[in-house]
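In order, the protein sequences belong to chains A and B.
Residues 2 to 317 in my numbering are what the first sequence spells out, letter by letter.
Residues 10 to 482 in my numbering are what the second sequence spells out, letter by letter.
For reference, the structure discussed in these notes is given below.
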Amino acid sequence: MRMLGRTAQNLFWLSRYVERAENMARLLEVGYRMSLTSRREGGASEHLVSMMQAAEVDEGFAEKHDVADVDTVAHYMMFDPDNPNSVYSCLMAARTNARSVRTAITTDMWESMNEAWLEYSQIRPRDVRGAKLLELLQWVKQRSHEFRGALLGTILRDDGFSFLQMGNFVERADNTARILDMKYYVLLPRATLVGGDLDIQQWTLILRAASAHRAYRHVYHDRYKAHNIADFLMLRPEMPRSLVYCARFVQQNMDTLTTLYGRKEACHEVAQGMVDMVANTDMDAIFAHGLHEFLTEFIARNNRVTDALSESYNFY
Amino acid sequence: MGDTTPFDEMYNPDGSVREPYRALAGWLSEQPDKALGLMQADAEAIFRRLGITFAVYGSDEGTEKVIPFDVIPRIIAAQEWRKLSKGIEQRVKALNAFLYDVYHRQEILRAGRVPEKLILNNAAFCPQMMGLEPAKGVYAHIIGVDLVRVGADGYYVLEDNLRTPSGVSYMLEDREAMMILAPDLFQRSKVAPVENYPENLRRTLESVAPVNSRGTPVIAVLTPGIYNSAYFEHSFLADQMGAQLCEGHDLFVDGGKVYMRTTTGPERVDVVYRRIDDDYLDPLTFRPDSMLGVPGIFDAYRAGNVTLVNAPGTGIADDKAVYTYVPEIIEFYLGEKSLLQNVPTYNCTDQDEREWVLENIADLVVKEVHGSGGYGMMVGPTATEEMHEEFKRKILARPDNYIVQPTLALSTCPTHINGDVAPRHVDLRPYVLVGDEVRITPGGLTRVALKQGSLVVNSSQGGGTKDTWVLED
Chain A
2 MRMLGRTAQN LFWLSRYVER AENMARLLEV GYRMSLTSRR EGGASEHLVS
52 MMQAAEVDEG FAEKHDVADV DTVAHYMMFD PDNPNSVYSC LMAARTNARS
102 VRTAITTDMW ESMNEAWLEY SQIRPRDVRG AKLLELLQWV KQRSHEFRGA
152 LLGTILRDDG FSFLQMGNFV ERADNTARIL DMKYYVLLPR ATLVGGDLDI
202 QQWTLILRAA SAHRAYRHVY HDRYKAHNIA DFLMLRPEMP RSLVYCARFV
252 QQNMDTLTTL YGRKEACHEV AQGMVDMVAN TDMDAIFAHG LHEFLTEFIA
302 RNNRVTDALS ESYNFY
Chain B
10 MGDTTPFDEM YNPDGSVREP YRALAGWLSE QPDKALGLMQ ADAEAIFRRL
60 GITFAVYGSD EGTEKVIPFD VIPRIIAAQE WRKLSKGIEQ RVKALNAFLY
110 DVYHRQEILR AGRVPEKLIL NNAAFCPQMM GLEPAKGVYA HIIGVDLVRV
160 GADGYYVLED NLRTPSGVSY MLEDREAMMI LAPDLFQRSK VAPVENYPEN
210 LRRTLESVAP VNSRGTPVIA VLTPGIYNSA YFEHSFLADQ MGAQLCEGHD
260 LFVDGGKVYM RTTTGPERVD VVYRRIDDDY LDPLTFRPDS MLGVPGIFDA
310 YRAGNVTLVN APGTGIADDK AVYTYVPEII EFYLGEKSLL QNVPTYNCTD
360 QDEREWVLEN IADLVVKEVH GSGGYGMMVG PTATEEMHEE FKRKILARPD
410 NYIVQPTLAL STCPTHINGD VAPRHVDLRP YVLVGDEVRI TPGGLTRVAL
460 KQGSLVVNSS QGGGTKDTWV LED
């Protein structure tokens, strides 16, 4: 039985929203930890705001709140239904998509998604403070892992699987680029060979946000260096959150669809463009081009992949 | 009737247990304190986790409720069921014959057995269906017959549901839940399976595919979408049948044929099991403001390129005013006496009957002819005096808009209520499939009025459901 274009779209966005909920939790965790480490007056607030800029929710936040402190920011990022990217909104959107395609996902996936939503929607925001906040952020990540586990363990390897995987990795590529962009200036090469304590602290947090602080040691056998960190999160093919890994993964799933459907669609070229951008380059070239400019361009290309997919496979 | 003591499904008047309930009685007596309460909580958790919920109209958007499930099953003996299913089969055959006639030569009107005015001036009559030849001559493929029991041998048909009857997923999930909750009870009883309903539904739908369709027919379930109160059921049935679950905009008509929009382009659809009302089915033929339907699908149907299940216009046969003529209809087409009884119904357009009704309104049930779901009705004995007066005025203003029936003493079945077991009123909706043959699932959905003394079993009005067992010999 062939798949409805709408079903493909719902599957794609189901995965995207689960990944986004997880990434919002990751971003908030970095912002929160950075704000705790800031000793400067107003520094905590700056960290939180730059985190929200990376998540592109800073303007919406400013419309509702005058002060960016841990409480207001955490509430906006976690629970505010007016924030379309809050964990609350993401989980609700993911579940709505799952509900629309119940016939195309497995019972295990549905139950994982449905339970996550039912539990999360019953949390009272005022109960979530301090240590409880970190606990809840961890819970969000775990629920995302659980959903992915149910997906990988139970779903048929047909076209639906490819759409789910592409949604997941398009979103992840977007998020990794945003995490890097948030503090791109601490990653820039500079005159001093060794970063100061503050830099090291921020690098650690960036790596943590990508669950990469320990893997870094395995790959580089070296202390933290800005150049390596950027390389790790952008260009290392074995790093499952790196830009190149995500871009290739999306492309591979498109290839699977090509084989399955016996037809190559226009979206392939767009995906190829994104892969080329990160596969045939090195950090020196990227720094020369401008890190921020490069990341901005990558995010834009990644968005074009979604548009092209919608076009090629009749999302509507 | 007139006797106000309701029939008890489980106990004889002398307090002894009726035969079909023996195993259950033994099992109940062995349950430790609070066991039923725990089971009840487990059931609720199972239903919520599976997302077996319905949306409540008029409450916040997205509010999803679980229909209360009662852990004590309702049990029907094998020989009782055989009688019932014969009556049901007779009824659905006659109603389909009636529909064919009404939309063709209208012999029954010419013969004066059913008043012409009642049919042709009826809002449920669909003139667009005149002369159309549905596959296998079947109009109502999926039917729910609402029955109530008033005595050891007395079942009455309360109404026929020939449009898009819902609730069958509860029949299936109630059984599933019951087997999880009380596997030991099943070991002691021989219960006829209900699990093959989806397979039978698929066979029924395939059997009525257009004659010109090739290969295995492609089946789509057409749903109004995730905010519809029965969305769970739509997705459940599509899933169980391996059919495509579509919303209106997933389908389109081109050159008189129906297609769905897939990732690789259009794919032809042969059978549409639509869970959208007639009015919303096709904005080009019916309500032009409908956003839910598929423009042009009715013309594709008329051209014989797709089968709509159920056919549009079946409402003329389950209209409450037509209901009173069903025994007549059975005799006319089948030459048989009706095996199932109708509830006696008073006709308010007749002056004598109307006067009697107005005098005795406190003892009667008044239903709006086109109402459903327990809305627009009044149960005399439990209604206030103001309501009696209000309905008297309504009847006087539009006597043809209401039917009036005696208040039936619906049978009761033991039900778990806050840790206790107490009798509550129940009805029964068996599900019937009509295609190349008539297939009736043993049992059906038992709805139970959870409020003490209440006779309204609708889920929208505080009703719950029970697993329904038909015992095998």
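Note that CB positions come from ideal geometry on N, CA and C, so glycine has one too.
All figures in this text were calculated on a predicted structure; none of them were measured in a lab.
Item	Value
Glu294/A versus Trp118/A: straight-line alpha-carbon distance, rounded	37 Å
Per-residue DSSP class, three states only, for Gln115/B	coil
Of the residues Asn86/A, Ala178/A, Cys268/A, Val279/A, the one placed nearest Ala22/A, counting alpha carbons only	Asn86/A
Contact belief for Tyr33/A with Val71/A at Cβ below 8 Å, rounded distance in angstroms	6 Å
Beta-carbon gap between Tyr262/A and Thr273/B smaller than 7 Å	yes
Closer than 7 Å at the beta carbon, the chain A residues around Ile61/B	None at all; the shortest Cβ gap to chain A is about 11 Å.
Between the CA atoms of Val466/B and Met188/B - distance to the nearest angstrom	24 Å
Interface residues of chain B facing Ala116/A [CB-CB closer than 8 Å]	According to the sequence provided, residue 116/A is Glu. The question's Ala does not apply to it. Within 8 Å Cβ-Cβ: Arg58.
Beta-carbon neighbours of Arg158/A, restricted to chain B and to distances below 8 Å	Under the 8 Å cutoff, chain B gives no residues; its nearest Cβ is about 16 Å from Arg158/A.
Under 7 Å from the C-beta of Met269/B: neighbouring residues of chain A	Leu5
Short Cβ contact (7 Å threshold) for Leu15/A with Met52/A	no
Same chain only: Cβ atoms within 6 Å of Lys145/B, ignoring 5 sequence neighbours per side	Val217
Cα-Cα separation between Ala309/B and Asn315/A, rounded to whole angstroms	23 Å
Proximal residues to Asp69/B (C-beta, below 7 Å), its chain only, five neighbours per side dropped	Low per-residue confidence applies at Asp69/B: pLDDT is 49, beneath 50, and the placement is therefore not dependable, though the value from the model is reported in the following sentence. Excluding sequence neighbours, Asp69/B sits near nothing in its chain.
Beta bridge counterpart(s) of Thr316/B as assigned by DSSP	Val280/B
Cβ-based contacts, 9 Å cut-off: residues of the stretch 190 to 221 of chain B near chain A	none
Straight-line Cα distance separating Asp128/A from Gly44/A	26 Å
Under 9 Å by beta carbon: chain A residues contacting Ala247/B	Arg103, Thr104
Closer than 7 Å to chain A by CB, Asp476/B	no
Chain A contact for Ser244/B (CB, 7 Å cutoff)	yes
Neighbourhood of Asp482/B by C-beta distance below 6 Å, restricted to the same chain and skipping five residues each side	Ala87
Below-7 Å beta-carbon distance, Leu254/B vs any chain A residue	yes
Length at least 4, wholly inside the stretch 385 to 437 of chain B: the alpha helix (DSSP H) runs in chain order	394 to 406
Bridge-paired residues (DSSP) for Val102/A	None, per the DSSP bridge assignment.
Bridge-paired residues (DSSP) for Met269/B	Leu260/B, Glu276/B
Segment limits, alpha helix (DSSP H) that includes Thr213/B	206 to 216
Alpha-carbon to alpha-carbon, Leu373/B and Gly11/B	For Gly11/B, the predicted structure reports a pLDDT of 43, less than 50, and the residue's modelled location is therefore unreliable. The matter cannot be settled from this model.
Cutoff 7 Å: Asp259/B Cβ touching any chain A Cβ	yes
Cβ of Glu53/B within 7 Å of any chain A Cβ	no
Neighbour flag for Tyr314/A against chain B, beta carbons, 7 Å	yes
Segments of 4+ residues assigned as alpha helix (DSSP H) that fall wholly inside the stretch 195 to 268 of chain A	198 to 210, 214 to 221, 227 to 236, 244 to 262
Span separating the alpha-carbon of Phe288/A from that of Met183/A	16 Å
Burial state of Glu168/B, where buried means 16 or more other Cβ atoms lie within 10 Å	buried
Length of the line joining the Cα atoms of Tyr6/B and Arg27/B	Missing from the structure shown is residue 6/B; chain B here goes from 10 to 482 and no further.
Closer than 7 Å to chain A by CB, Thr225/B	no
Buried or exposed (CB count within 10 angstroms, at least 16 for buried), Lys475/B	buried
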